[in-house]
Amino acid sequence: MFLIALRNNSTANADILFALNSVINLLDDFIVIPAAIGSVVTATLLCWQKTTGSSNSTG
Numbered sequence: 053m054f055l056i057a058l059r060n061n062s063t064a065n066a067d068i069l070f071a072l073n074s075v076i077n078l079l080d081d082f083i084v085i086p087a088a089i090g091s092v093v094t095a096t097l098l099c100w101q102k103t104t105g106s107s108n109s110t111g
């Protein structure tokens with residue numbers, strides 16, 4: 053997304069700017085946000101299942 057915005061930073065045409073904004077919003081809505089939610093869910097599951105430390109030692 054940053055590269056798309058950086059590549060076209062000197063565009064003055066309103067239609068092109070609107071199209072770029074739409075593409076960035078689509079990428080954000082369908083890739084970035086679900087990936088962040090997946091990371092939180094995965095981290096939560098891993099932390100919940102993992103038991104380490106001296107309090108669990110049997111010896």
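Just so we're aligned, residue 53 is where the sequence shown starts under the working numbering, counting upward by one. We put the beta carbon where it would ideally sit given N, CA and C, even for glycine. Every value quoted in this text rests on a predicted model; they were computed, and no experiment measured them.
- In three-state terms, what does DSSP make of Ala-64? coil
- Query: In whole angstroms, what is the alpha-carbon distance linking Leu-72 and Gln-101?
  - Reply: 42 Å
- Item | Opening and closing residue of the alpha helix (DSSP H) in which Ile-83 lies | Run containing Ile-83: none; DSSP gives neither H nor E here.
- CB-CB length for Met-53 against Asp-80, believed under 8 Å: 7 Å
- Message: I'd like to check one pair, Ile-76 with Leu-57: are the Cβ atoms closer than 8 Å?
- Response: For clarity, residue 57 is Ala in the given sequence; the question names Leu instead. Yes, the Cβ-Cβ distance between Ala-57 and Ile-76 is below 8 Å.
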